[in-house]
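> For the sequence shown, my numbering gives the first residue as 1, with consecutive numbering after it. Dropping a structure here in structure tokens format, bear with me for questions.
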Amino acid sequence: MKDSMASVSQVSLLKQKLHSAKTALAEVSEQKEQNQNSLLQFIGHLSLACKGQSIELDNKLAKLRHNLIGQDSFEQSLPELVEIEHLLKNQYHHVMGQLEEGRASLSKVIRQLQRVNSVPDKVKKEIAYFKQDLGKPFHTYWDYFPKVERLVSFYESILQQQLEQGDKLEVLPKHRQLAHELAQMISEIEFRKDQRDQVLVIKDSLSDEIEVETLIDAYQTILSLLLENIALEKSASQEFLFALNDALSAVREVVSDSYNSNQRSYQLKKQLNREINSRVDNVGDAIIDIDDINHLKSQVTEQLASIRTALGRKEALEQREQAMLRKSMETMRDELNELSKEANAYKERLFEQQKINLLDSLTQLPNRAALEERMEQEYRNYQRHKHPLWVAVADIDHFKSINDNFGHSTGDKTLQVISMALKNSLRESEFVARYGGEEFVLIIPDVNASDIEHMLNRVREKVKNIPFKFKNQRITVTVSIGAAQILENEQINETFERADAALYKAKHESRDRVIIDN
């Protein structure tokens, strides 16, 4: 009887150990789930940093983010990860294809230059060496853009030689117009800080008595600066794509290995659990059915030994699985931490660039791209709430005469002062953007038809009362404004066209006035 009691006690002890093993396994599973959830969140955030490379890639990343919400593991997202990796590789091949097309275009231009008989011998030799160099494939945009700059320098050398041989080119009205347009474009482009002094010098030279040679040099310099900025952006994007592709490949491999390992472990543990449960059941049956205590003791001892063996195998399997999981997570964590640093840096640059892209560099007002976004937003609000919505177009009267009489720098200062006056005349819910040149667009919600003309006249009077003084001469600067209210079943672009037509009417009647399209 004592032996029977001891056997029962041993079975209870083994059941406690089995319970402890199951608890430990549950803790490991919970830790694994937490790690997977963290990784799922990171992949979602990482995909947001990749927006803007291509429409198809954006759509796939958006689908991946949607599918990751509420998922418990990576298995369901493995197909998406494979597709995204494929798209990233395709994007890389697309970039390489563009570089190869650029190289072919440069080779074509060089062949045309070699057919020009008046090219100096020294330049001909340089062109021949350049053509040989073009035989090598481009690997990055850093290989491409210096070649473009070199090609421009060939054209400049040829043109300079022809200018030295001939008479000085006459400055025609079209050259002055080109200088004016270039100065205006420079004002609307955001250059890097280290380039701004050089750009200001060019802009000042365009406002003086221009010469054809100076105009050509200005265009060549601005083109080189823009190519340099494009190269920097493309290089950063390319490097980030490489890093992202490598990281996603590593994540996919770790997830795939972890999934396969978990499947194997799951089958082994399932088999061990069946074996342990069977042994426990055998012990219970033996206690009930066997009357001979010695036989019972032998049976229980045999079954307990089998259970201990199975538990030992299961414990070793769980330790090995935990070690593999820890190693996989550490590898993945290191890979993703490194990529996270690059992604954050790239995301900050994109955020800053996005802010710059939505601001007019001269006036610091929202630009045309920002205006289009705001018009879409206000139009959606109008469709939901049907509140009054107005579009107004303002234009500075006789602005060209300010540039002609006092110079482009004075014109720029005038634009800046009037921009701030317009902005300060509006409520927080209202919006003003520089549309281009001396034109501004105002988006005005929630103002009744009986009040809009009074409000716009108040804006007009505020501009008119600005104390402008150019070269010790007091000047009054005025604006003309046309406005229209959005109508039922009308697109906001059609409202803009009616407001622009009202502005045209104001400009051709008497200027310095507000006309409302009714």
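By construction, the Cβ of each residue, glycine as well, lies at the ideal position given by its N, Cα and C atoms.
#1: According to DSSP, is residue 87 helix, strand or coil?
#2: Ignore the nearest five residues each way along the sequence and tell me which others in residue 399's own chain have a CB closer than 6 angstroms to its CB.
#3: Check the Cβ-Cβ distances between residue 105 and every residue of chain D, and say whether any is below 7 angstroms.
#4: Please classify residue 312 as buried or exposed, where buried requires at least 16 other C-beta atoms within 10 Å of its C-beta.
#5: Between residue 179 and residue 203, is the Cβ-Cβ spacing less than 7 angstroms?
#6: Just verifying my parser: in three-state terms, what is the DSSP assignment at residue 468?
#7: Are residue 375 and residue 452 close, meaning C-beta to C-beta below 7 angstroms?
#8: Residue 154: which of 124, 216, 172, 174 sits nearest, CA to CA?
#9: Do residue 394 and residue 440 have their beta-carbon atoms positioned less than 7 angstroms apart in this structure?
#10: Nearest-angstrom Cα distance between residue 445 and residue 459?
#11: Hey, residue 397 and residue 362: beta-carbon distance below 7 angstroms or not?
#12: What span of residues does the beta strand (DSSP E) with residue 437 cover, start to end?
#13: Going by the beta-carbon positions, is the gap between residue 392 and residue 481 smaller than 7 angstroms?
#14: Just to confirm the assignment, what range does the alpha helix (DSSP H) spanning residue 401 have?
#15: So who's on the other strand from residue 445, going by DSSP bridges?
#16: Below 8 angstroms on the Cβ atoms is my contact criterion, and I expect residue 389 with residue 486 to pass it. Report the Cβ-Cβ distance as a whole number of Å.
#17: Counting only the same chain and skipping the five closest in sequence on each side, list residues whose C-beta sits under 8 angstroms from that of residue 196.
#18: Decide if residue 127 is buried, meaning its Cβ has at least 16 other Cβ atoms within 10 Å, or exposed.
#19: Using only the alpha-carbon positions, how far apart do residue 176 and residue 407 sit?
#20: Thinking C-alpha only, which one of 509, 410, 212 is nearest residue 472?
#21: Residues bridged to residue 480 by DSSP?
#22: Determine the extent of the beta strand (DSSP E) in which residue 475 is found, giving its start and end residues.
#23: For a test of the three-state rule: what should DSSP assign to residue 515, helix, strand or coil?
#24: Where does residue 116 land, buried or exposed, given buried means 16+ other C-beta within 10 angstroms?
#25: State the start and end residues of the unbroken alpha helix (DSSP H) segment that holds residue 493.
#26: Below 8 angstroms CB to CB, which residues in the same chain sit around residue 447 once its five sequence neighbours on both sides are set aside?
#27: Assuming contact is defined by CB atoms lying nearer than 7 angstroms, are residue 425 and residue 464 in contact in what I supplied?
#28: In this structure, does DSSP put residue 132 in helix, strand or coil?
#29: Which same chain residues end up closer than 6 angstroms to residue 416 when comparing Cβ atoms and leaving out the 5 residues on each side of it in sequence?
#30: Looking at C-alpha atoms only, which residue of 484, 386, 211, 470 is the closest neighbour of residue 449?
#31: Out of 147, 378, 271, 358, point me to the one whose CA is closest to residue 443's CA.
#32: List the whole-angstrom C-beta distance separating residue 113 from residue 144, where the pair is believed to meet the contact cut-off of C-beta under 8 angstroms.
#33: Helix or strand or just coil, what does DSSP make of residue 359?
#34: Hey, residue 517 and residue 506 are a contact pair by Cβ (cut 8 angstroms); roughly how many whole angstroms apart?
#35: Closest to residue 104 by CA distance: which of 181, 132, 421 is it?
Quick look at the numbers:
#1: One-based indexing of the sequence shown puts residue 87 at position 87. Helix.
#2: Numbered from 1 along the sequence shown, position 399 holds the residue referred to as residue 399. The answer, listed in chain order, is 438.
#3: Absent from the structure: chain D. Only one protein chain is present.
#4: Taking the sequence shown and counting its residues from 1, one reaches residue 312 at position 312. Classification of residue 312: exposed, given that the 10 Å Cβ count is below 16.
#5: Taking the sequence shown and counting its residues from 1, one reaches residue 179 at position 179. Taking the sequence shown and counting its residues from 1, one reaches residue 203 at position 203. Not closer than 7 angstroms, so no.
#6: As a working mapping, residue 468 is identified with position 468 in the sequence shown. Residue 468: strand per DSSP, three-state reduction.
#7: Translated into positions along the sequence shown, residue 375 becomes position 375. Translated into positions along the sequence shown, residue 452 becomes position 452. Contact flag unset, no.
#8: Taking the sequence shown and counting its residues from 1, one reaches residue 154 at position 154. Checked all of 124, 216, 172, 174; the closest Cα to residue 154 is 124.
#9: As a first step, residue 440 must be located in the sequence shown, where it is residue number 440. As a first step, residue 394 must be located in the sequence shown, where it is residue number 394. Cβ atoms of residue 440 and residue 394: closer than 7 angstroms.
#10: In the sequence shown, the residue the question calls residue 445 occupies position 445. In the sequence shown, the residue the question calls residue 459 occupies position 459. When rounded, the distance between both Cα atoms is 16 angstroms.
#11: Along the sequence shown, read from residue 1 onward, the residue named residue 397 stands at position 397. Along the sequence shown, read from residue 1 onward, the residue named residue 362 stands at position 362. No, these two residues do not count as a Cβ contact at 7 angstroms.
#12: By one-based count along the sequence shown, residue 437 stands at place 437. Premise fails: residue 437 is in no beta strand (DSSP E) and is neither H nor E.
#13: Here residue 392 refers to the residue found at position 392 when the sequence shown is read from its first residue. Here residue 481 refers to the residue found at position 481 when the sequence shown is read from its first residue. Taking 7 angstroms as the Cβ cut-off, residue 392 and residue 481 qualify as a contacting pair.
#14: Numbered from its first residue, the sequence shown carries residue 401 at position 401. Taken as a continuous stretch (DSSP letters only), the alpha helix (DSSP H) holding residue 401 covers 399-406.
#15: In the sequence shown, residue 445 corresponds to position 445, counting from 1. In the DSSP secondary-structure assignment, residue 445 is bridged to 389.
#16: Here residue 389 is taken as the residue at index 389 of the sequence shown, counted from 1. Here residue 486 is taken as the residue at index 486 of the sequence shown, counted from 1. With 8 angstroms as the limit, residue 389 and residue 486 qualify as a contact, their Cβ atoms being about 5 angstroms apart.
#17: Here the question's residue 196 lines up with position 196 in the sequence shown. Contacts found: none.
#18: Translated into the one-based positions of the sequence shown, residue 127 becomes position 127. Residue 127 is buried by the Cβ-count criterion.
#19: As a first step, residue 176 is located in the sequence shown; it is residue number 176 there, counting from the start. As a first step, residue 407 is located in the sequence shown; it is residue number 407 there, counting from the start. Using only the alpha carbons, I get a separation of about 13 angstroms.
#20: Walking along the sequence shown from the start, residue 472 turns up at place 472. Minimum Cα distance to residue 472 is reached at 410.
#21: Residue numbering aside, residue 480 sits at position 480 when the sequence shown is read from its first letter. Residue 480 is bridged to 395.
#22: Residue numbering aside, residue 475 sits at position 475 when the sequence shown is read from its first letter. Residues 473-475.
#23: Indexing the sequence shown from 1 puts residue 515 at position 515. Strand, per DSSP.
#24: Position 116 of the sequence shown, counted from the start, is the residue given in the question as residue 116. The residue in question, residue 116, is exposed, as its Cβ has fewer than 16 Cβ neighbours within 10 Å.
#25: To locate residue 493, count along the sequence shown from 1; it is residue 493. Start and end: 492-509.
#26: Indexing the sequence shown from 1 puts residue 447 at position 447. 388, 390, 455, listed in sequence order.
#27: As a working mapping, residue 425 is identified with position 425 in the sequence shown. As a working mapping, residue 464 is identified with position 464 in the sequence shown. No, the pair does not count as a contact, with Cβ atoms beyond the cut-off.
#28: Mapped onto the sequence shown, residue 132 falls at position 132. Residue 132 falls in the helix class under three-state DSSP.
#29: Locating residue 416 in the sequence shown gives position 416, where the first residue counts as 1. So the qualifying residues of the chain are 363.
#30: Looking up residue 449 in the sequence shown gives position 449. Ranking the options by Cα distance to residue 449, first place goes to 484.
#31: As a first step, residue 443 is located in the sequence shown; it is residue number 443 there, counting from the start. When only C-alpha atoms are compared, the closest one is 378.
#32: Position 113 of the sequence shown holds residue 113. Position 144 of the sequence shown holds residue 144. That belief does not hold up - the Cβ atoms of residue 113 and residue 144 are roughly 18 angstroms apart, past 8 angstroms.
#33: Mapped onto the sequence shown, residue 359 falls at position 359. If DSSP states are grouped into helix, strand and coil, residue 359 belongs with the strands.
#34: For the purposes of this step, residue 517 is taken as residue 517 along the sequence shown, with counting starting at 1. For the purposes of this step, residue 506 is taken as residue 506 along the sequence shown, with counting starting at 1. About 11 angstroms separates the two Cβ atoms, so there is no contact after all.
#35: Along the sequence shown, one-based indexing puts residue 104 at 104. If we check each option's Cα against that of residue 104, 132 comes out closest.
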